[in-house]
Every structure is written in C-alpha cells, then in structure tokens.
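Here's the structure, in structure tokens; my notes come after.
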Amino acid sequence: MRAWSGLVAALAVLIAGGAGAATVRTLTAGELAARSELIFIGTVTAQRSRLETQPVRVWTDTTFRVEQVVKGDKLDHEWRLTQLGGVVGEGADRIGQDVPGYARFAVGERVFLFLERTSTGRLVPTGLAQGKYVLIDDAKSGVTMAARDLRGLHLLGAMPDKRVAGMPRDWNQLPLADLLAIARGERPGPTPLHVVRRPAPPVEDVQTPQVVLPGAEGAR
C-alpha cells in the first residue's frame, strides 16, 4: 500500500505540473495530409490503460478496426495507437493523467485519422488533436460529416480565407467527401446529395483523459 500511495503522490505532482493547453501551429487538412505518413478511416474497438512505474506514468492503447487506408502502407485489419495518459485503478486507488491537446478516443467512434512519425519512431496524431476527425452520419441529409474537437489546444496562426473557391467554410467540420479529396491532394467537389451510410456500432462513452510529461516521447 505504501508503494502504491507513492505512485499516486508522484502522479499528482505530474498532473499539477502539466495542467493547461498545448500550443501548436494551426494546420489545414491539406497541411495535415502533407505532414502525415499514415492516414486511415477506422472504428475504435477497444482501449486499455496501463501503469508504468519507472518513471511513473500511464499509457493508453487504443485499438482500431481499419476500414480504409487513405495514405501510407497497407495495414492489417486492426491497428493500435499508444498514447501517454489514461486512467488506471478503481475507487480510492483510481489514478490518471490528462495530456492537454492530445486526441481523445471513445470505443465505437468512427474516425478519420492523420498520423505522423516522431523522432522516436512512434506514430501519433498529426498536430495533436488536429489530426483526429470523428465521422458522423447526418440522418437528414444522408451526408457523412467529419468533425474535430480542439479543446485543450492553443492554436498559433489563422486558417486560410474561408472565401477561397472550393475550400471548406469550416475546417473543423466538413463533409467526409471533401476531407478525403483534400487528403488526396484534390480540390473538393460539390457535396453529393446522398452518401450511402455504413451502420455504426453503439458508442460506449470511454474517453482517455491525457497530461504532458517532459521526456515522455522517448518512453516505450
């Protein structure tokens, strides 16, 4: 119990020191695509958080069922992303780390994910949370929309002029067809009147809160 209490205390200090927002440069979908080594559409099927004691930190493994690779080498049916942060334990022993700006995932989410390779060889969401779009089927129009949540990010620089012909009015919410075109280096065309929708599995509300730790990038 004494050793576990020490881990809790250590994590509490790390969490307190990592609070705030992550500052990154604003990236359009085209810039995300150019920087990314891998881009794919998939569904989150599982998440598991684990505690590392030397040094003290929490990691979360998120597993995806791969539907379509947009850029990069062909993937197996499943692919796993490992990120710093998460929650382990229950009740009084429940501890966790929250990393501002990191992409958060929920089991059942269908996502469009941009991934870049770090200096340590790990693939991570490009531009932090900027690299993750959630795909949502609009029941009224039949169009699949892509939306991203940038809470926890402080963005530097402005988005391009929204009046440019053919470019999305809102880079944080746009039709999947447009996002696909941009990721492939094409100019988006008119939004189709109808897009065949794939039945989505029920979403289990399991998010991974995550906290910036110095030197975390080099850990495995």
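Just so you know, the sequence shown maps onto residues 5 to 224 in the working numbering.
Cβ coordinates follow ideal geometry from the N, Cα and C atoms, glycine included.
query	result
Considering only residues of the same chain and omitting the five flanking positions on each side of residue 68, which have a CB-CB separation below 8 Å?	44, 46, 47, 48, 49, 82, 83, 84, 85, 115, 117
Measuring CA to CA, which of 61, 111, 95 is closest to residue 89?	61
Between 153, 28, 188, which lies nearest to residue 175 when the distance is taken from Cα to Cα?	153
My parser needs the beta strand (DSSP E) runs of 3 or more residues fully inside the segment 121-187; what are they?	127-129, 136-141, 148-151, 157-160, 177-179
So, is residue 179 buried or exposed, given that buried needs 16 or more other C-beta atoms within 10 angstroms?	buried
So does the segment 142-150 actually touch the segment 93-108, counting three or more Cβ pairs closer than 8 Å?	no
Which first and last residues belong to the alpha helix (DSSP H) in which residue 107 is found?	Note, residue 107: premise wrong, no alpha helix (DSSP H); not H, not E.
May I have the straight-line CA-CA distance separating residue 131 from residue 186, to the nearest angstrom?	17 Å
Which residues does DSSP pair with residue 29 in a beta bridge?	160
Quick one: give me the first and last residue of the beta strand (DSSP E) that residue 65 is part of.	60-75
Quick test of your reading: residue 183 and residue 151, contact by CB under 8 Å. State the CB separation rounded to the nearest angstrom.	Not a contact, Cβ separation roughly 10 Å.
If you follow the beta strand (DSSP E) that residue 50 is part of, which residue opens it and which one closes it?	42-57
Using beta-carbon positions only, say whether residue 25 and residue 127 come within less than 8 Å of one another.	no
By DSSP, does residue 200 sit in helix, in strand, or in coil?	Unreliable placement is indicated for residue 200, whose pLDDT of 41 sits below 50; no coordinate value is reported for it.
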